[in-house]
Amino acid sequence: MAGLVQRNAAPRVTELLSSFRVVLLGGARQTGKTTLVRDLLDLPGHAWFSFDDEAVLARASDDPVGFVEALPRPAAVDEFQRAGRGFLLAVKHAADRDRTRGQLLLTGSTNYLADRGLSETLAGRAGRLLLWPLSVGERLGLRETFLDRLFEPTSWPGRAEALPRADLVRMLLEGGYPEIVTEGLAGRQRRNWFEAYVHDVVSREALRPVAEVRLEAELRRLLRLLAARTGQELIVSSIAGDAEVGRETASNYVTLLEALHLVKLLPAWSTNITNRAKRRPKVVVVDTGLAADLCGLGEQTFAPVADGTAAGALFETFVITEVLKQATWSERGVDLSYFRDRDGAEVDLIAEDRRTGELAGLEIKLTSTPIARHAKHLMMLRDRLGSRFTTGLVVHAGSQTLPLGDRIWAVPVSALWRSDS
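Heads up: the sequence shown at position 25 corresponds to 268 in my numbering, and the numbers run straight through without jumps.
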């Protein structure tokens with residue numbers, strides 16, 4: 244795959260620029276933020292600044308007010324979080340004086356929301372969006388509408404599209420970082436890319452103030468342990484024991500890795516009806532290619548004679564992250580979570596409509612032959628919630644679209660990006 248990839252979040256960024264004075268575009272390094280911003284704004288060179296340039300960062304840090312006042316309008320600033328709260332305060336004051344929309348687009352590779360001081364500085368003045376690695380639809384030139392269709396049970400009867408097993412495995416192992424996808428990196432080239440990427444993010448972002456080899460090694464080890472648990476509940480004490488660090492240290496590292504957009508903590512869903520719900524989040528590595536590399540997984544992981552546990556976890560991560568990506572541009576605002584009660588009944592992904600409170604659930608199974616038993620926890624949740632539960636889907640690796648019960652269907656994974664599945 245070569246050439247420019249159209250990002251499905253682009254119209255959403257344009258919408259935010261027309262609605263807010265400042266727009267914050269977050270996301271991990273190498274997800275294409277810079278390319279997207281340059282394409283959208285078509286800025287001259289003098290209107291683009293990066294705080295990865297130490298000289299530019301020094302000017303902004305020494306005199307944030309003067310730096311912001313001197314910026315042309317519109318302008319873009321990359322890695323804005325490196326300049327700290329002083330820079331954002333200057334942006335806030337400038338936005339308060341001039342209420343023109345679309346003045347500044349700030350991009351960053353760490354989650355500024357993790358810093359309460361930074362997140363509160365621009366409250367009410369800035370629109371926010373997260374740019375993920377490429378979705379399957381973006382790779383195919385499609386704008387996915389899965390979340391818009393999810394709450395309509397009549398959307399699911401239709402033609403099924405088979406996704407060859409080899410293509411699915413390739414997608415899982417490749418992931419969605421634009422450079423890997425567009426350059427077709429594989430084998431040793433891909434392994435080298437991921438190794439350099441993790442080193443770059445951990446050493447340059449996480450440990451800038453305290454570049455200690457020991458801390459970097461601990462953080463990288465913890466990231467590998469989380470990758471081995473992708474799709475599972477986060478039990479910090481277990482992670483701490485395996486990493487041989489204290490529980491508080493492990494918790495802080497997890498928070499840092501989420502702020503760097505390397506992992507995502509999916510919250511547990513509950514309601515008064517399901518008052519036995521557990522509260523631990525589920526940890527998900529944000530890219531299946533990264534997770535596979537960290538765990539040393541390859542095509543042999545998906546062989547018929549393989550254990551299947553790691554392959555199943557990677558497939559679940561793939562489906563969850565594809566839905567998380569689509570949530571950034573979906574017309575329907577949703578909150579995403581998962582459900583697991585104390586008896587072990589689990590629904591892998593819950594989507595809740597923020598406006599109506601309607602709920603849909605996904606069970607994710609790496610199987611080509613879905614059966615009613617795969618939907619038992621969806622049926623349990625449907626029976627508890629009644630009419631509030633609109634749709635349950637068993638997302639699988641086969642080609643069949645099958646009814647499994649009232650409001651519950653088995654659909655192929657291609658339903659995530661093909662509206663006729």
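Yeah, the Cβ is synthetic: ideal placement off N, Cα and C, and Gly gets one too. Since the model is a prediction, treat every value here as computed from it, not as a measurement.
Is it buried or exposed, residue i, if we count other Cβ atoms within 10 angstroms and call 16 or more buried?
{"i": "Gln569", "result": "buried"}
{"i": "Val654", "result": "buried"}
{"i": "Glu601", "result": "buried"}
{"i": "Ala439", "result": "exposed"}
{"i": "Arg342", "result": "exposed"}
{"i": "Leu247", "result": "exposed"}
{"i": "Arg661", "result": "buried"}
{"i": "Ile614", "result": "exposed"}
{"i": "Gly309", "result": "exposed"}
{"i": "Glu322", "result": "buried"}
{"i": "Arg625", "result": "buried"}
{"i": "Arg340", "result": "exposed"}
{"i": "Arg627", "result": "exposed"}
{"i": "Arg490", "result": "exposed"}
{"i": "Ile423", "result": "buried"}
Going by C-alpha to C-alpha distance, which of the options sits closest to residue i?
{"i": "Phe353", "options": "Val479, Glu606 and His504", "result": "The sequence shown places Thr at residue 353, not Phe. Checking every option, the nearest Cα to that of Thr353 belongs to His504."}
{"i": "Ala319", "options": "Ala483, Thr612 and Leu349", "result": "Leu349"}
{"i": "Gly430", "options": "Leu540, His617, Leu314 and Leu372", "result": "Leu540"}
{"i": "Gly551", "options": "Leu259, Val412 and Arg272", "result": "Val412"}
{"i": "Tyr581", "options": "Thr571, Glu574 and Thr564", "result": "Thr564"}
{"i": "Phe545", "options": "Phe394, Leu416, Ser304 and Phe632", "result": "Leu416"}
{"i": "Leu537", "options": "Trp436, Leu579 and Leu283", "result": "Trp436"}
{"i": "Pro407", "options": "Ala658, Gln543 and Ala640", "result": "Ala640"}
{"i": "Ala511", "options": "Gly327, Arg523 and Gly587", "result": "Arg523"}
{"i": "Thr498", "options": "Arg272, Leu469 and Gly367", "result": "Leu469"}
{"i": "Thr388", "options": "Ser630, Ser480 and Leu567", "result": "Leu567"}
{"i": "Gly572", "options": "Gly380, Thr514 and Val441", "result": "One detail in the question is off: residue 572 reads as Trp in this sequence, not Gly. Nearest option by C-alpha distance: Gly380."}
{"i": "Ala367", "options": "His336, Ala549, Gly384 and Ala313", "result": "Reading off the sequence shown, one finds Gly at residue 367, where the question assumed Ala. Nearest option by C-alpha distance: His336."}
{"i": "Leu605", "options": "Ala658, Ala338 and Ala502", "result": "Ala658"}
{"i": "Ala553", "options": "Val441, Arg575, Gly474 and Lys276", "result": "Gly474"}
{"i": "Pro307", "options": "Ala333, His620 and Phe294", "result": "Ala333"}
What separation, rounded to the nearest whole angstrom, lies between the Cα atoms of residue i and residue j?
{"i": "Val529", "j": "Thr560", "result": "8 Å"}
{"i": "Arg472", "j": "Arg316", "result": "45 Å"}
{"i": "Thr612", "j": "Val562", "result": "17 Å"}
{"i": "Leu373", "j": "Ser304", "result": "25 Å"}
{"i": "Ser494", "j": "Arg467", "result": "15 Å"}
{"i": "Phe399", "j": "Arg281", "result": "Inspection of the sequence shows that residue 399 is occupied by Trp rather than by Phe. Rounded to whole angstroms, Trp399 to Arg281 spans 38 Å at the Cα level."}
{"i": "Leu609", "j": "Ala409", "result": "14 Å"}
{"i": "Lys507", "j": "Gly532", "result": "15 Å"}
{"i": "Ala534", "j": "Glu542", "result": "14 Å"}
{"i": "Leu458", "j": "Phe632", "result": "46 Å"}
{"i": "Ser378", "j": "Val444", "result": "21 Å"}
{"i": "Arg464", "j": "Leu500", "result": "12 Å"}
{"i": "Leu645", "j": "Arg616", "result": "13 Å"}
{"i": "Val311", "j": "Arg583", "result": "48 Å"}
{"i": "Thr274", "j": "Ile482", "result": "28 Å"}
{"i": "Gly427", "j": "Arg382", "result": "12 Å"}
{"i": "Gly418", "j": "Leu557", "result": "11 Å"}
{"i": "Ala313", "j": "Ala271", "result": "28 Å"}
{"i": "Gly484", "j": "Ser513", "result": "29 Å"}
{"i": "Asp295", "j": "Arg302", "result": "12 Å"}
Under 7 Å Cβ to Cβ from residue i, same chain only, skipping five residues before and after it: list those, please.
{"i": "Val577", "result": "Leu390, Ala570, Ala594, Glu595, Asp596 and Arg597"}
{"i": "Thr634", "result": "Leu393, Phe394, Pro396, Ala603 and Arg650"}
{"i": "Met622", "result": "Gly648 and Ile651"}
{"i": "Leu284", "result": "Pro317, Ala319 and Leu348"}
{"i": "Ala454", "result": "With a pLDDT of only 47 at Ala454, under 50, the local geometry of the prediction cannot be trusted, and the value read off the model is given with reservation. Same-chain partners within the cutoff: Ser446."}
{"i": "Ala549", "result": "Gln543"}
Does residue i have its Cβ less than 8 Å from a Cβ in chain C?
{"i": "Thr353", "result": "Although the question refers to chain C, the structure presented lacks it and comprises just one protein chain."}
Excluding the five sequence neighbours on either side, which residues of its own chain have a C-beta within less than 6 Å of the C-beta of residue i, listed in chain order?
{"i": "Ala405", "result": "Ser642"}
{"i": "Lys525", "result": "Glu476, Leu509 and Tyr581"}
{"i": "Phe292", "result": "Val299 and Val320"}
{"i": "Ile607", "result": "Glu559, Val562, Asp591 and Val638"}
{"i": "Tyr420", "result": "Gln273 and Pro376"}
By Cβ distance, which residues of its chain are closer than 8 Å to residue i, with the 5 residues on each side in sequence left out?
{"i": "Arg344", "result": "Leu260, Ser261, Ser262, Phe263 and Arg264"}
{"i": "Leu279", "result": "Arg250, Ala252, Ala253, Val256, Leu268 and Leu374"}
{"i": "Glu461", "result": "Ala486, Val488, Thr492 and Tyr496"}
{"i": "Pro452", "result": "Interpretation of Pro452 is limited by its pLDDT of 49, a score under 50 that renders its predicted location unreliable; no figure is taken from the coordinates."}
{"i": "Val266", "result": "Val256, Leu259, Leu260, Gly345, Leu347, Leu348, Leu349, Ala369, Gly370, Arg371 and Leu372"}
{"i": "Arg434", "result": "Asp536"}
{"i": "Glu589", "result": "Tyr581, Phe582, Arg583 and His620"}
Can you tell me which residues form a DSSP beta bridge with residue i?
{"i": "Ser446", "result": "Note: Ser446 sits in no beta bridge, so no partner."}
{"i": "Phe292", "result": "Val320"}
{"i": "Phe582", "result": "Val590"}
{"i": "Arg371", "result": "Leu267"}
{"i": "Thr634", "result": "Ala603"}
{"i": "Leu350", "result": "The residue you asked about is not Leu; residue 350 is Thr in the sequence shown. Answer by DSSP bridge pairing, in chain order: Leu268 and Asp321."}
{"i": "Val506", "result": "Val528"}
{"i": "Ile651", "result": "Gly635 and Gly648"}
Tell me whether residue i, by its Cβ, gets closer than 7 Å to a heavy atom of the ligand PLP.
{"i": "Thr571", "result": "Although the ligand PLP was asked about, the structure shown includes no ligands whatsoever."}
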